[in-house]
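Colleague: Attaching a single structure in structure tokens format; questions to follow.
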Amino acid sequence: MSYQYLSSPYGRADKPVRCDAQREAVLARLERLSWLLDSAVPVPGTSFRLGADAVANLLPGLGPLASKGVSAWLILEAWRLGVPRSLLLRMCGNIALDAAIGAVPVLGWAADAFFRANRRNMALLRAAVSAGTQHPARPSSLVRPQPRTTRPATA
9 MSYQYLSSPY GRADKPVRCD AQREAVLARL ERLSWLLDSA VPVPGTSFRL
59 GADAVANLLP GLGPLASKGV SAWLILEAWR LGVPRSLLLR MCGNIALDAA
109 IGAVPVLGWA ADAFFRANRR NMALLRAAVS AGTQHPARPS SLVRPQPRTT
159 RPATA
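Residue numbers (my numbering): 9 to 163.
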């Protein structure tokens with residue numbers, strides 16, 4: 009039974025997280041969230057599906073803000089799982105592109121239904137976790153490393 013300490017963005021990592029079972033539970037929850045945001049509702053008579061993200065982008069102001077906030081939570085959970093920074097930046101780029109596409113009034117709303125940033129991010133996250141590229145234990149972002157007090161010996 010292997011445990012690792014996953015840090016919280018709010019402070020220290022004081023709760024052990026079972027590596028395999030809890031990680032799979034978190035991934036399943038995030039998979040369901042990305043499905044809800046990008047492809048939950050089937051369009052009758054077609055094989056096309058819409059999600060809450062595309063519908064929320066039709067509401068001016070708060071709709072896109074709320075949908076991108078939930079997408080940001082998916083990225084936060086990926087950070088808690090310990091994926092590499094380069095993957096987090098790629099996931100942020102997907103969300104930024106989704107926001108830019110949705111900002112165009114009519115054409116952007118239609119295109120937003122086809123660009124499924126959350127499903128792309130979940131595919132990236134699943135691939136990273138299955139490949140084992142996550143960090144063993146991510147240090148807290150609120151704790152700064154202590155500076156060295158002695159200089160390293162030079163030969």
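Glycine included, each C-beta is placed from N, C-alpha and C at the ideal position.
Which of the three DSSP states, helix, strand or coil, is assigned to residue 128?
Modeller: Position 120 of the sequence shown, counted from the start, is the residue given in the question as residue 128. Looking at residue 128 - three-state DSSP - the assignment turns out to be helix.
Colleague: State the DSSP-derived secondary structure class of residue 28, mapped to helix, strand or coil.
Modeller: Translated into the one-based positions of the sequence shown, residue 28 becomes position 20. It is helical.
Colleague: Per DSSP, what kind of secondary structure is residue 92 in: helix, strand or coil?
Modeller: Numbered from 1 along the sequence shown, position 84 holds the residue referred to as residue 92. In this structure, residue 92 counts as coil in the three-state DSSP scheme.
Colleague: Using the rule of at least 16 other Cβ atoms within 10 Å of the residue's Cβ for burial, across every protein chain shown, is residue 82 buried or exposed?
Modeller: As a first step, residue 82 must be located in the sequence shown, where it is residue number 74. Buried, by the Cβ-count rule.
Colleague: How do the segment 121 to 134 and the segment 36 to 46 stand: do at least 3 beta-carbon pairs fall below 8 Å, yes or no?
Modeller: As far as the Cβ criterion goes, the segment 121 to 134 touches the segment 36 to 46, which means the pair count is three or higher.
Colleague: Helix, strand or coil: how does DSSP classify residue 52 here?
Modeller: Position 44 of the sequence shown, counting from 1, holds the residue named residue 52. Coil.
Colleague: Quick check on residue 110: buried or exposed, where buried means 16 or more other Cβ atoms within 10 Å of its Cβ?
Modeller: Start at 1 with the first residue of the sequence shown, and residue 110 comes out as number 102. Per the 10 Å Cβ criterion, buried.
Colleague: Mind checking residue 136: buried by the 16 CB within 10 Å criterion, or exposed?
Modeller: Within the sequence shown, residue 136 is the residue found at index 128, counting from 1. Buried, since its Cβ has 16 or more Cβ neighbours within 10 Å.
Colleague: Using a Cβ-Cβ cut-off of 8 Å (strictly less than) and excluding sequence neighbours within five positions of residue 53, which residues of its own chain qualify?
Modeller: Here residue 53 refers to the residue found at position 45 when the sequence shown is read from its first residue. Closer than 8 Å at the Cβ level, and outside the excluded window around residue 53, lies no residue.
Colleague: Express the C-alpha separation of residue 91 and residue 139 in angstroms, rounding to a whole number.
Modeller: Within the sequence shown, the letter at position 131 stands for residue 139. Within the sequence shown, the letter at position 83 stands for residue 91. One C-alpha to the other measures close to 11 Å.
Colleague: In angstroms, rounded to a whole number, what distance separates the CA positions of residue 25 and residue 31?
Modeller: Stepping through the sequence shown from its first residue, residue 25 is reached at position 17. Stepping through the sequence shown from its first residue, residue 31 is reached at position 23. Any reading at residue 25 needs caution, since the residue's pLDDT is 45, under 50, leaving its predicted position unreliable; the model's value is listed next. Rounded to whole angstroms, residue 25 to residue 31 spans 8 Å at the Cα level.
Colleague: Look at the alpha carbon of residue 107 and the alpha carbon of residue 71, and state the distance between them as a whole number of angstroms.
Modeller: Residue numbering aside, residue 107 sits at position 99 when the sequence shown is read from its first letter. Residue numbering aside, residue 71 sits at position 63 when the sequence shown is read from its first letter. Cα to Cα, residue 107 sits roughly 11 Å from residue 71.
Colleague: Considering only residues of the same chain and omitting the five flanking positions on each side of residue 117, which have a CB-CB separation below 7 Å?
Modeller: Here residue 117 refers to the residue found at position 109 when the sequence shown is read from its first residue. Result list for residue 117: 65, 66, 110, in chain order.
Colleague: Using DSSP with H/G/I as helix, E/B as strand and the rest coil, what is residue 97?
Modeller: Start at 1 with the first residue of the sequence shown, and residue 97 comes out as number 89. Note: residue 97 maps to helix in three-state DSSP.
Colleague: Going by DSSP, name the residue or residues bridged to residue 70.
Modeller: Here residue 70 refers to the residue found at position 62 when the sequence shown is read from its first residue. Paired residue(s): none; residue 70 is not in a bridge.
Colleague: Please state if the CB of residue 134 and the CB of residue 35 are separated by a distance shorter than 8 Å.
Modeller: Mapped onto the sequence shown, residue 35 falls at position 27. Mapped onto the sequence shown, residue 134 falls at position 126. Cβ distance < 8 Å, so residue 35 and residue 134 count as in contact.
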